[in-house]
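Chemist: For the sequence shown, the residue numbers in the numbering used here are 93 to 316.
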Amino acid sequence: MGVIYLVRHGQASFGSADYDVLSELGYRQAALVGAELRARGARVDLAVSGALRRQRETAAAAGWSADVESDSRWNEYDQDWIINRHADVGGAPVNAGQLPPSRGMSSRAYQGLLDVALSEWIASADAGPGSYVAFSDAVGDALDGLLRRLDSGAAAVVFSSAGPIAAICARLLDLRVDGIISLNRVMINGSITKVVSGRSGTSLISFNEHSHIDAAGREFLSYR
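1. I need the straight-line Cα distance from Leu138 to Ile96, nearest angstrom please.
2. Please report the residue range of the beta strand (DSSP E) in which Leu138 lies.
3. With a cut-off of 8 Å, do at least 3 Cβ pairs link the stretch 243-260 to the stretch 142-160?
4. Using DSSP with H/G/I as helix, E/B as strand and the rest coil, what is Tyr111?
5. Excluding five sequence neighbours on each side, which residues of the same chain lie with their C-beta closer than 8 Å to the C-beta of Asp163?
6. Please determine, among Glu168, Arg148, Ala153, the residue with the shortest C-alpha to C-alpha distance to Glu161.
7. Return the CA-CA distance between Val278 and Tyr315, expressed in angstroms with no decimal places.
8. Per the DSSP calculation, Gly126 is bridged to which residue(s)?
9. Please say whether Arg146 and Asp78 have beta carbons closer to each other than 7 Å?
10. In this structure, what does DSSP give as the bridge partners for Ala201?
11. Could you give the DSSP three-state label for Glu168: helix, strand or coil?
12. Got a sec, what are the start and stop residues for the alpha helix (DSSP H) Ala87 sits in?
13. With distances taken from CA atoms, which of Leu265, Tyr224, Ser105 is nearest Leu210?
14. I need the boundaries of the beta strand (DSSP E) containing Ala262, first residue and last residue.
15. Please go through the same chain and pick out, in chain order, the residues whose beta-carbon is closer than 6 Å to the beta-carbon of Ile297, but skip the five residues on each side of it.
16. Does the Cβ of Gly237 have 16 or more other Cβ atoms within 10 Å, making it buried, or fewer, making it exposed?
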């Protein structure tokens with residue numbers, strides 16, 4: 093039976109000029125992830141990261157600074173593109189360039205806007221480049237490819253983001269739009285989701301595990 097640990101990156105730099113950089117808290121969360129996996133005695137045979145900086149920095153801070161494969165299929169969706177294309181306020185399209193966190197939008201307000209845009213994006217029948225169908229298929233292919241490479245009893249760790257992890261869970265649980273959005277919204281920075289593959293197929297064993305974050309203190313808990 094192969095095991096894959098899907099790790100959401102540590103807290104990025106919400107509200108700064110460059111979101112795609114771990115915050116100080118993000119580095120500490122990543123270190124907690126590494127300590128947790130080692131405490132479990134997980135024999136990690138393969139480490140993979142998305143190509144985004146915050147994902148790569150999480151892998152390094154967790155203790156996988158070398159021999160980490162980069163696979164852009166584990167990248168997060170393009171939030172600004174989705175908001176530009178699918179969100180609207182009062183019937184008028186939203187220009188995400190006018191609404192970044194660095195312009196003073198609160199995390200809660202931004203999440204509300206993103207939820208609206210994601211709902212439209214996921215529900216769309218479009219299957220072309222940039223669609224949710226294409227995004228979900230790419231992440232699913234990445235997962236299947238990893239599982240094929242794992243021998244029985246072997247494990248892999250993937251440093252990714254909320255979107256790809258939610259897409260994997262949605263496929264395994266056959267969730268619809270609202271369920272996908274709900275998973276995406278509650279995923280904690282530095283959380284661990286466990287997927288296993290055996291004779292009965294691929295199964296979701298746990299989602300959004302964060303006891304290692306809770307144990308460190310409430311100040312280590314973040315969602316963005």
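Cβ atoms here follow ideal geometry from the backbone N, Cα and C, with glycine treated the same way.
Modeler: So, from the data block:
1. Between the C-alpha atoms of Leu138 and Ile96 there is a straight-line separation of about 9 Å.
2. For Leu138, the uninterrupted beta strand (DSSP E) segment begins and ends at 136-141.
3. In short, these stretches touch, since the Cβ pair count reaches three.
4. Here Tyr111 sits in coil by DSSP.
5. Taken in chain order, the residues that qualify are Val140, Ser141, Gly142, Ala143, Ala234.
6. Minimum Cα distance to Glu161 is reached at Arg148.
7. The straight-line gap from Cα to Cα measures roughly 7 Å.
8. According to DSSP, which records beta bridges pairwise, Gly126 is partnered with nothing at all.
9. Only positions 93 to 316 of the chain appear in this structure, which leaves residue 78 out of reach.
10. Its beta-bridge partners do not exist; DSSP assigns none.
11. Of the three classes helix, strand and coil, the one that applies to Glu168 here is coil, per DSSP.
12. Outside the shown range of the chain (93 to 316) lies residue 87, about which nothing can therefore be said.
13. When only C-alpha atoms are compared, the closest one is Tyr224.
14. Note, Ala262: premise wrong, no beta strand (DSSP E); alpha helix (DSSP H) at 254-265.
15. Lys286, Val288, listed in sequence order.
16. Here Gly237 is exposed. Its C-beta has fewer than 16 other C-beta atoms within 10 Å.
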